[in-house]
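Q: What the sequence shown shows, in our numbering, is residues 4 to 154, in sequence order. Before I ask anything, let me first share the structure, which is written out below as structure tokens.
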Amino acid sequence: MPLGWTMVDNRNDSVQVLTIKNGKWDGSDVTGAEYEFGLGKTAGGVKIGAYSVYVDKGNVLADGVNAKMMYTDGDPTDKTKWVVSGAGEVKSNSSRVYSVEAESSSDGTVLPAKVTTWPIKVAAAIQGTDTLAISDDTNLDGSATISLVYI
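Right under this line is the structure:
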């Protein structure tokens, strides 16, 4: 049975939307709020910043063989709803299911692989110290959950 996965931001209330420099796998910046995850808040309740998660979609493997990163924002059992990822972006609200398709395929059929490899890049941006107004050490408290989905 094929599997997919979702990711949800457990600190969504702490997202401070910022430009995350060099956040995408190709080195470009992340600017979309739907792709940013929260880093927590200071003791004074100020949002610290955001981080992003991107997949190196060119190096996703299924059972040791290159595969295409796909996602759907709809019913994961409907293969007409699956599309190949353009940039490797991961949404922070669990609305998108990710999976793999055989490199040679183009019909949206999710590959039932035993082992998949998803190289990821995590990048962060924090607000300036003038905004955060902190002088003590402050923990970054980002947290996300990855869930497996049977397709």
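Positions of the beta carbon are idealized from the N, C-alpha and C atoms, including for glycine.
Along the chain, where does the alpha helix (DSSP H) that runs through L135 open and close?
A: For the purposes of this step, residue 135 is taken as the residue at position 132 of the sequence shown. Per DSSP, L135 belongs to the alpha helix (DSSP H) from 132-135.
Q: Here's a check: name, in chain order, each residue in its chain whose Cβ is nearer than 7 Å to the Cβ of Y153, leaving out the five neighbours to either side.
A: Against the sequence shown, residue 153 aligns to sequence position 150. M4, L6, listed in sequence order.
Q: With DSSP as the reference, please indicate the residues paired to M10 in a beta bridge.
A: Within the sequence shown, the letter at position 7 stands for residue 10. Beta-bridge pairing links M10 to I149.
Q: Tell me the rounded alpha-carbon separation between T148 and D12.
A: As a first step, residue 148 is located in the sequence shown; it is residue number 145 there, counting from the start. As a first step, residue 12 is located in the sequence shown; it is residue number 9 there, counting from the start. About 7 Å.
Q: Would you mind sorting V100 into buried or exposed? The rule is 16 or more other CB atoms within 10 Å of its CB.
A: Here residue 100 corresponds to residue number 97 of the sequence shown, with the count starting at 1. That one is buried.
Q: Assess, as a yes-or-no matter, whether the region 105-115 is touched by the region 9-28 under the definition of 3 or more beta carbon pairs within less than 8 Å.
A: Touching, no, given that fewer than three Cβ pairs across the two stretches are closer than 8 Å.
Q: Return yes when the Cβ of V18 is within less than 8 Å of the Cβ of Y57, no when it is not.
A: Here residue 57 refers to the residue found at position 54 of the sequence shown. Here residue 18 refers to the residue found at position 15 of the sequence shown. Against a cut-off of 8 Å, the Cβ pair of V18 and Y57 comes out as no contact.
Q: May I have the straight-line CA-CA distance separating D144 from T134, to the nearest angstrom?
A: Counting from 1 along the sequence shown, the entry for residue 144 is found at position 141. Counting from 1 along the sequence shown, the entry for residue 134 is found at position 131. When rounded, the distance between both Cα atoms is 18 Å.
Q: Specify, as a first and last residue, the run of the beta strand (DSSP E) that Y57 falls within.
A: Within the sequence shown, numbered from 1, the residue matching residue 57 stands at position 54. Run containing Y57: 52-58, per the beta strand (DSSP E) assignment.
Q: State the DSSP-derived secondary structure class of E92, mapped to helix, strand or coil.
A: Sequence index remark: in the sequence shown, residue 92 carries index 89 (1-based). Residue state, collapsed to three classes: strand.
Q: My assumption, with CB atoms under 8 Å, is that I129 sits in contact with G52. Please give the rounded CB distance.
A: Numbered from its first residue, the sequence shown carries residue 129 at position 126. Numbered from its first residue, the sequence shown carries residue 52 at position 49. About 4 Å separates the two Cβ atoms, so the contact holds.
Q: List the DSSP bridge partners of I23.
A: Mapped onto the sequence shown, residue 23 falls at position 20. The partner list for I23 (beta bridge, DSSP) reads V33.
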